[in-house]
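I have placed the structure first, in the form of structure tokens, so that the comments after it can refer back to it.
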Amino acid sequence: MSLLAVLVLLLPFVSIVRTEEICATSKVMGFVTSPYVATCMSDVGSKLTPIMSELSLEEIKPYCDSDACVAFLAEIGAAGLGDCKIQEMNAHMQTDIVDAFNTKCKAVRSMETSNNATANNIRDGSSSSATSGTVTITVSYIATVTLITLTLLI
């Protein structure tokens, strides 16, 4: 089989291979100076959580409850880095950090609302319905920046 024939056969597979955009270290490190970082880490007990998608609802709750963490990650989401890959963490910014945080915080809020409605129904003997407020939080970069910051300090 000639080299040309092999190349023609492999051509369809070449387009399947996707090159990943790597997050610029300078942009990631720029978030370390955010005024929200120290308060956020204090609020959550300085827990280092590299990838939000790997946290359980119980583990992510302190981040969702912290105004500083929410503000910090909103700042990161507003930077528009997209789904670039954070090499040091083997995670993707949008998918594993931002989207995972938003989805899990919405689930936490939904559970809290449901639990509060159930407790009220039991206490009051009534059947009221509770509406869950949509919490749009762009929390994702806490883990990344914290990991990088701690790595640099070590």
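In mature numbering (1 follows the signal peptide of the UniProt record, and there is no 0), the protein residues as written are -19 to -1, 1 to 135. Where is the CB? At the ideal position from N, CA and C, for every residue including glycine.
Helix, strand or coil for residue 32 per DSSP? coil
Assess contact between the segment 4 to 22 and the segment 75 to 83, defined as three or more Cβ pairs (one per stretch) separated by less than 8 angstroms. Is contact present? no
Within 10 angstroms of its Cβ, does residue 54 collect 16 or more other Cβ (buried), or is it exposed? Residue environment analysis places residue 54 among the buried positions, since at least 16 neighbouring C-beta atoms fall within 10 angstroms of its C-beta.
Would residue 77 be called buried (16 or more neighbouring beta carbons within 10 Å of its own) or exposed? buried
Residue 26 versus residue 95 - alpha carbon distance: 27 angstroms
Residues bridged to residue 55 (per DSSP): Bridge partners of residue 55: none, in fact.
If you draw a straight line from the C-alpha of residue 43 to the C-alpha of residue 72, how long is it? 21 angstroms
Residue environment, residue 7, which counts as buried when at least 16 other CB atoms sit within 10 Å: exposed
Through-space distance from residue 56 to residue 36, alpha-carbon basis: Residue 56 has its alpha-carbon roughly 21 angstroms from the corresponding atom of residue 36.
Start and end of the alpha helix (DSSP H) containing residue 43? 38 to 46
Can you name, in chain order, every residue of its own chain whose Cβ lies under 6 angstroms from the Cβ of residue 11, other than the five neighbours on each side? none
Is it buried or exposed for residue 51, if we count other Cβ within 10 angstroms and need 16 for buried? Around the beta carbon of residue 51, a 10 Å sphere encloses 16 or more other beta carbons of the protein chains shown; the residue is thus reported as buried.
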